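Input: a single structure, listed below in C-alpha cells.
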Amino acid sequence: MYRTDSPKSLDLLNKSGCVGDMMWRPLGRDGPLEVKTEIRTMTLMELSDLPAFIKRGGRVLLLLGPCGSCSGPKTDVLRAILHSKHKLITHLVADSRSAKGVC
C-alpha cells in the first residue's frame, strides 16, 4: 500500500526501522512503532492497546503467512511480535518457514 500510495511514508517507516506490520500498523524489531505517516490505516484498536486488552482477558489470534508479494517468510515480523516487551498476542498460527526462522 505504501509503495504505491505514499512512497514518502514508506521511506519514513524504513528509516524508523519498520520490519513489517500487524493489523496494518508498523512494527520495529522491539515491537510497535508510533510513526506519523501521510496515510494511516484504520484499525479496531492500536497495537499499544493490545497488552491491556489481553490483561482484561481478551484474546488476540495472529495468523501469519508468507509475503503476498514475494512469497518469502515473515520471520522478522514474527520475531518482533514474539520479542516485544509487551504481550501483543495470545494465540499464533504461522507458516512453517517463518516459524523455523525464529527458532
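Quick note on numbering: this note's numbering labels position 64 of the sequence shown as 58, and the sequence is numbered without any gaps.
Cβ atoms here follow ideal geometry from the backbone N, Cα and C, with glycine treated the same way.
As the structure is a prediction and not an experimental result, all values here were calculated from the model.
Using only the alpha-carbon positions, how far apart do residue i and residue j sit?
| i | j | result |
| --- | --- | --- |
| PRO45 | VAL71 | 18 angstroms |
| GLY100 | SER0 | Within the shown structure, residues of the chain are numbered from -5 to 97, placing residue 100 beyond reach of any answer. |
| HIS80 | ASP5 | 26 angstroms |
| LEU41 | ASN8 | 19 angstroms |
Could you name the residues of the same chain whose beta carbon sits closer than 6 angstroms to that of residue i, not counting the 5 residues immediately before and after it, in chain order?
| i | result |
| --- | --- |
| LEU56 | ILE83 and LEU86 |
Does the distance from the CB of residue i to the CB of residue j come in under 7 angstroms?
| i | j | result |
| --- | --- | --- |
| ILE33 | SER10 | no |
| SER92 | LEU58 | yes |
Relative to the C-alpha of residue i, which residue among the options is closest?
| i | options | result |
| --- | --- | --- |
| LYS54 | MET16, GLY25 and LEU27 | In the sequence under discussion, the amino acid at residue 54 is Val, which differs from the Lys named in the question. Checking every option, the nearest Cα to that of VAL54 belongs to MET16. |
| PRO99 | GLY14, GLY25 and TYR(-4) | The structure shown does not extend to residue 99, since the chain spans only -5 to 97, so no value can be given for it. |
| LEU38 | ARG19, ARG73, SER78 and LEU76 | ARG19 |
| THR35 | CYS64, GLY22, LYS49 and MET(-5) | MET(-5) |
Got a sec? Which residues, its chain only, sit under 7 angstroms from residue i by beta carbon, not counting five neighbours each side?
| i | result |
| --- | --- |
| ARG(-3) | LEU4 |
First and last residue of the beta strand (DSSP E) that includes residue i?
| i | result |
| --- | --- |
| ASP15 | 14 to 16 |
Starting from residue i and walking both ways along the alpha helix (DSSP H), at which residues does that stretch end?
| i | result |
| --- | --- |
| GLY98 | Residue 98 cannot be examined here, being either before or after the span of the chain that is shown, -5 to 97. |
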